[in-house]
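Chemist: One structure is given below, represented as structure tokens, and several questions about it will come after.
Set out below in structure tokens:
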């Protein structure tokens, strides 16, 4: 099993739709979780950190399920500008200097159509 | 605010040539990273620097060297380029080394080795 797995998609949805992505991770001791967004041929940018209780930022909601070892990203009322690749990132370590161990998923591609 | 600046944005090398990728950040971050991104492989860490004066190998360091010139700058050198080093290279930096530190990325360098 890969350390971080995502459905590559592509997910094709109409504007206004609700879409959800899941990401599974293999290390049950993983400490922190992120969703990054990457536009075509551009650099990744942080979309959301995923907290243990879940968190929401406007149309975006992230959830963590430690028992089943997955995180999810829900996008409501999809916009054309949401078209991108969404990268799941897991940090298995706690403590100082641990960002070197970030494990990146391959990404889920989303296309929002007019 | 420039954030993380990488140069060059594009480069074509012949096998055996050398080059240095430059990276600078103006956010006063302690940690800096070099990643490569290949289709089907995701982001893989080449080298990282937890602070000025220190560097450590990441997941795929072979064929690369780095220099943390000062707190702002972190360069990546290919001494003898090989076609397998054709990739998109990203420099990143982060501030807090705690669990939820966000990584900021440069715009990437698209390198082709022929």
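Chains as they are written, first to last, in the working numbering: chain D, 9 to 122; chain H, 225 to 338.
From the three backbone atoms N, C-alpha and C, an ideal C-beta is built for every residue, glycine too.
Just so we're clear, the structure is a prediction, and the values are computed from it rather than from any experiment.
Tell me whether the stretch 18 to 33 of chain D and the stretch 281 to 300 of chain H touch, counting them as touching only if at least three CB pairs, one residue from each stretch, are closer than 8 Å.
Modeler: Judged by Cβ distances under 8 Å, the stretch 18 to 33 of chain D makes no contact with the stretch 281 to 300 of chain H, as fewer than three pairs qualify.
Chemist: At a Cβ threshold of 9 Å, is residue 64 of chain D touching chain H?
Modeler: For residue 64 of chain D, the answer is no, since every Cβ of chain H falls outside 9 Å of its Cβ.
Chemist: So residue 14 of chain D packs on residue 116 of chain D, CB below 8 Å; how close in whole Å?
Modeler: That pair is a contact at about 5 Å.
Chemist: So, helix, strand or coil for residue 122 of chain D, using DSSP?
Modeler: The answer is coil: DSSP assigns residue 122 of chain D none of H, G, I, E or B.
Chemist: Is there a Cβ of chain H sitting closer than 9 Å to that of residue 42 of chain D, yes or no?
Modeler: True, the Cβ-Cβ gap to chain H drops below 9 Å.
Chemist: Whose C-alpha, out of H:245, H:239, H:241 and H:236, is nearest the C-alpha of residue 331 of chain H?
Modeler: That would be H:245, whose Cα lies nearest to the Cα of residue 331 of chain H.
Chemist: Answer yes or no: does any C-beta atom of chain D fall closer than 9 Å to that of residue 231 of chain H?
Modeler: Output row for residue 231 of chain H: interface = no.
Chemist: Do residue 29 of chain D and residue 99 of chain D have their C-beta atoms closer together than 9 Å?
Modeler: Their beta carbons are not under 9 Å apart, which means residue 29 of chain D does not touch residue 99 of chain D by this criterion.
Chemist: Between the stretch 243 to 263 of chain H and the stretch 58 to 77 of chain D, do at least 3 Cβ pairs fall closer than 8 Å?
Modeler: The stretch 243 to 263 of chain H is not in contact with the stretch 58 to 77 of chain D.
Chemist: How about residue 74 of chain D and residue 36 of chain D: do their beta carbons lie closer than 9 Å?
Modeler: Their beta carbons are under 9 Å apart, which means residue 74 of chain D touches residue 36 of chain D by this criterion.
Chemist: Any beta carbon from chain D within less than 9 Å of residue 335 of chain H's own beta carbon?
Modeler: Chain D contact via Cβ: absent.
Chemist: Does the distance from the C-beta atom of residue 237 of chain H to that of residue 336 of chain H stay below 9 Å?
Modeler: Yes, Cβ-Cβ distance for residue 237 of chain H and residue 336 of chain H is below 9 Å.
Chemist: In whole angstroms, give me the CA-to-CA distance for residue 33 of chain D and residue 10 of chain D.
Modeler: Between residue 33 of chain D and residue 10 of chain D, the C-alpha separation is close to 8 Å.
Chemist: Can you tell me which of the three DSSP states residue 275 of chain H falls into?
Modeler: It is coil, neither helix nor strand.
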